[in-house]
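So the structure is just underneath, and the comments pick up after that.
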Amino acid sequence: MKKILSLLCLLMGATSLFAQQLPDVKIEDIEGKIVAVRDLVKGKPMIISYWSIACKPCIQELNAINDALEDWRKEADFTVVAVSTDDARLKAAAKNMATSRGWEFTCLFDDKQTLRRAMNVTLTPQAFVVDAEGNVIYSHSGYTPGSEEELFEKILELKKKK
Amino acid sequence: MKFLATILLAIAAIAPAMAQKSIGNGQVSGSFESTSIGYLDDKKLGDAPEDHFGSNNYLKVDYSNGRFSAGIQANAFLPVLQGYEDLADGYKFYLASKYIQWADKNYEILVGDIFDQYGNGLIYRSFEDRQLGFNNSIEGVRAAYNFGRFVQLKGMYGRPRLYTEYASSWVRGADLIVSLADICDIQENMTLSLEGSYVNRFQKLTLGDDRDKLIFETAGLDNPNLNMYSGRLNFGWNGLSLRGEYVHKGKDLNLDAVDGMASNGSAIYAELGYSHGGFSAVATYRQLKNMTTRASLYDDGTGNAINYLPALTRQYTYMLANLNPYQVYALGEMGGQADICYSLRSKESRYRYWNFHANFSTFYNSFSKRVMWRDINFDVERQWSKKLKTIFLFSRQEWSKSLGYQDLYGSNIFVGDVTYKFDRKKSLRVELQYLLADRHEGEYDYEGDWVAGLAEFSLAPHWSFFVQDMYNIDKTKTHYYSGGFSYTYNRTRVQLSYGRNRAGYICSGGVCRFSPAYTGVNLVLTSSF
């Protein structure tokens with residue numbers, strides 16, 4: 000038992016050595032076309048936010064980003080990708096919601112958990128900030144009203160580094 | 000002591016600075032998830048389990064370098080949480096998945112544990128759901144090839160995982176997608192594809208065993224091979240979408256079959272959607288006949304499946320609306336749902352809008368033609384300003400606990416949900432819910448009326464505190480209360496709560512696991528890197 004715990008502690012302690020780049024996987028867009036996730040990197044930063052129909056804070060976060068998007072885009076050029084983790088049960092409803100809400104995002108549908116597993120998302124909501132080269136530079140789990148500001152601050156930091 | 004050890008583990012996970020460095024040209028990423036419960040005695044519920052403690056832990060580590068990637072996942076149950084199936088001895092540490100993969104531009108090959116799905120998953124889906132203790136990945140090999148945008152072909156072969164072991168069967172399958180829209184170079188905003196899948200399950204025989212005789216002679220199953228075929232159509236054009244799938248399944252044994260005899264199965268799935276501006280609507284229909292497909296004919300349990308048959312009903316986020324979820328009757332059901340959304344946005348302010356949503360779902364028993372489930376519901380969300388948002392939800396649910404053979408229970412559920420932002424960081428969300436049960440000759444349906452409430456105060460971006468209670472007014476007069484807080488730092492989140500939890504089914508998609516009632520302290524840690 001102690002060995003197992005020590006091993007886990009060691010592995011967790013080693014996380015400061017590790018980094019993450021956008022994985023090379025393909026998933027479906029809102030029209031049902033297969034999209035390579037790395038092809039979404041088009042020389043500008045990106046916010047990627049995972050959501051599902053049954054995740055209330057996820058939808059709160061996406062609504063909050065969408066509300067603020069007009070103001071944010073006056074200060075920085077970036078894109079937003081919303082990844083639904085809904086499976087076959089709720090995928091149709093998720094597409095329905097994404098269409099009606101007027102979200103100005105690229106909407107992807109990860110019903111096979113391909114991208115979710117590749118990006119090690121165990122909890123939704125989870126949002127990532129990706130730089131113009133496809134490197135994940137920031138991520139947070141969970142959502143509390145106001146925490147979307149952190150994402151935009153990271154986008155502004157990327158702009159300053161340019 | 001074990002609880003302390005888990006807390007130490009949690010601290011170890013929070014500690015790392017999030018500095019990010021690549022290792023050569025490769026990189027390592029991963030995640031850690033831990034759920035631990037200290038079970039307490041509760042006069043209302045009875046004694047806690049003898050061990051008074053459970054802890055489920057998952058560590059996943061991936062390495063990628065260009066087109067190459069590899070990874071492992073280790074699970075540690077120290078011991079397993081109450082209600083998880085097939086872990087009688089409680090303690091288990093094992094390698095839950097491993098893989099190596101090469102993904103080139105047009106092809107990929109994976110050796111290890113496969114997570115994938117063909118079509119809607121009606122004949123094959125392998126996935127992991129930790130809340131349910133579900134992992135039916137296929138240990139074997141998968142290859143996929145794309146002929147440009149025109150044709151996608153993939154195949155796999157391996158043995159399915161059954162909880163912490165492997166099923167006594169081999170599964171192989173292939174999936175083909177032909178994009179007619181791309182082949183015929185039809186206009187850009189149109190998608191049209193024809194698709195098909197084949198899955199075979201070979202049940203290993205334990206020769207001489209009485210169970211072989213029971214399955215392959217008494218039940219009329221004449222072949223250890225089960226073959227399933229699926230044909231699909233996908234069409235989309237200017238906001239209009241049409242998807243359909245038909246499944247034929249060979250002779251298989253279903254434990255729920257009234258006569259205990261093996262028989263063929265089939266499924267039909269149809270989906271029609273339309274969207275324009277802020278309006279969108281989708282209607283789905285599904286029919287199942289003998290579609291439960293176990294990974295092993297010699298074993299039971301919700302984790303013993305190679306296909307996916309989700310309940311096509313609305314998934315709620317409110318406690319009382321989720322009290323009695325619909326459970327799929329794969330032996331013979333037909334039904335569907337309609338879902339309509341409309342968003343009305345102010346031209347002056349992005350912070351003022353209405354979102355209207357209505358949903359209807361119903362399912363019938365194919366044999367008796369009686370209703371097993373019906374739910375008509377709507378919700379109205381109003382963002383009044385930057386500070387204030389309200390939601391009102393109503394749901395009328397009718398369900399049968401006897402597959403429609405006896406009377407339906409009915410309930411009307413009302414929910415009010417208010418979020419108020421005091422400033423950029425502080426916010427308060429309050430939910431009030433009431434479940435009004437139908438009365439027949441003065442008697443309440445099922446457990447009678449319920450009331451519930453929740454208050455959640457958040458200090459963005461790190462802290463959130465909540466208290467909630469769910470109370471049965473009429474029959475059990477029991478409070479199911481809880482309170483706690485969560486702390487989030489970048490990709491690490493810790494939640495500590497205390498409360499009493501009601502017994503019931505935890506459902507994800509079409510899979511449900513019975514969770515016993517308990518009172519306890521709950522620590523959840525998630526972290527990724």
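The listed protein sequences derive, respectively, from chains A and B. Taking numbering that gives the first Met the number 0, the leading residue of the first sequence gets 0, the next gets one more, and so forth. Taking numbering that gives the first Met the number 0, the leading residue of the second sequence gets 0, the next gets one more, and so forth. Yeah, the Cβ is synthetic: ideal placement off N, Cα and C, and Gly gets one too.
In the structure shown, aspartate 103 of chain B adopts coil according to DSSP, grouped into three states. Residue contact with chain A for lysine 59 of chain B: present (Cβ-Cβ distance below 8 angstroms to some residue of chain A). For glutamine 19 of chain A, there is no enclosing beta strand (DSSP E), as DSSP marks it with neither H nor E.
For glutamate 149 of chain A, the neighbours in chain B by C-beta distance under 7 angstroms run, in chain order, Pro460. The beta carbon of methionine 96 of chain A falls within 8 angstroms of a beta carbon belonging to chain B, placing the residue at that interface. For the 8 angstroms CB-CB criterion, serine 295 of chain B and leucine 161 of chain B form a contact. By the CB criterion at 8 angstroms, proline 44 of chain A and proline 124 of chain A fall outside the cutoff. Around the Cβ of threonine 205 of chain B, a 10 Å sphere holds fewer than 16 other Cβ atoms; the residue is exposed. One alpha carbon belongs to glutamate 103 of chain A, the other to asparagine 364 of chain B, and they sit about 42 angstroms apart.
Glutamine 186 of chain B counts as exposed, since fewer than 16 other C-beta atoms from the protein chains shown sit within 10 angstroms of its C-beta. Closest by C-alpha distance to tyrosine 98 of chain B, out of B:Gly120, B:Gln72 and B:Ile122, is B:Gln72. The straight-line gap separating the alpha-carbon atoms of serine 54 of chain B and tyrosine 83 of chain B is approximately 11 angstroms. With contacts defined by Cβ atoms closer than 8 angstroms, threonine 283 of chain B and leucine 311 of chain B form a contacting pair.
Residue pairing for glutamine 81 of chain B: DSSP places it in no beta bridge.
Just measuring C-alpha positions, the residue of A:Ile46, A:Glu27 and A:Gln20 sitting nearest leucine 155 of chain A is A:Ile46.
The DSSP assignment places 78-83 as complete runs of the beta strand (DSSP E) inside the segment 78-102 of chain A, in order along the chain (cut-off: 3 residues). Between the beta-carbon of leucine 434 of chain B and that of serine 399 of chain B there is about 17 angstroms, and that puts the pair past the 8 angstroms contact cut. Those residues of the segment 74-106 of chain A placed with their C-beta closer than 9 angstroms to a C-beta in chain B are Asp85, Asp86, Ala87, Arg88, Leu89, Lys90, Ala91, Ala92, Lys94, Asn95, Met96, Ala97, Thr98, Ser99, Arg100 and Gly101, ordered along the chain. Under the 8 angstroms criterion on CB atoms, glutamine 130 of chain B is classed as non-interfacial with respect to chain A.
Between isoleucine 113 of chain B and arginine 141 of chain B, the C-beta gap is smaller than 8 angstroms, which places the two residues in contact. In the same chain as tyrosine 479 of chain B, and ignoring 5 residues on each side of it, the C-beta atoms closer than 6 angstroms to its own belong to Met469, Arg499 and Arg501, in chain order. Within the segment 112-128 of chain A, those residues whose Cβ lies closer than 8 angstroms to any Cβ of chain B are, in chain order, Gln112, Thr113, Arg116, Ala117, Met118, Asn119, Val120, Thr121, Leu122 and Gln125. It is roughly 32 angstroms from the alpha-carbon of tyrosine 419 of chain B to the alpha-carbon of leucine 157 of chain A. For asparagine 471 of chain B, the secondary structure class from DSSP, reduced to helix, strand or coil, is strand.
The segment 68-85 of chain A makes contact with the segment 103-114 of chain A, as at least three CB pairs between them are under 8 angstroms. A direct Cα-to-Cα measurement between glycine 331 of chain B and isoleucine 26 of chain A gives close to 32 angstroms.
Leucine 39 of chain A and lysine 425 of chain B have their C-alpha atoms roughly 34 angstroms apart. Chain-order list of chain A residues neighbouring proline 309 of chain B: Asp86, Ala87, Arg88 and Leu89, by C-beta distance under 9 angstroms. Contact with chain A is absent for valine 79 of chain B, since none of that chain's Cβ atoms lies less than 8 angstroms from the residue's Cβ. Within chain A, the C-beta atoms nearer than 7 angstroms to that of glycine 235 of chain B come from Glu30 and Gly31, in chain order. Close CB contacts of valine 60 of chain B within its chain, under the 7 angstroms cut and outside five residues either way in sequence, are with Val27, Gly29, Gly70 and Ile71 (chain order). Per DSSP, glutamine 286 of chain B is one residue of the beta strand (DSSP E) stretching across 278-288. Those residues of the segment 111-145 of chain B placed with their C-beta closer than 9 angstroms to a C-beta in chain A are Phe114, Asp115, Gln116, Gly118, Asn119, Gly120, Leu121, Arg124, Phe126, Glu127, Arg129 and Asn145, ordered along the chain. Taking a contact to require three or more Cβ pairs closer than 8 angstroms, the segment 295-304 of chain B and the segment 124-138 of chain B qualify as touching. The contact set of lysine 420 of chain B on chain A, defined by CB atoms closer than 8 angstroms, consists of Pro144 and Gly145 in chain order. Listed along chain A, the residues sitting closer than 8 angstroms to valine 281 of chain B by beta-carbon distance are Ala91, Ala92, Lys94 and Asn95.
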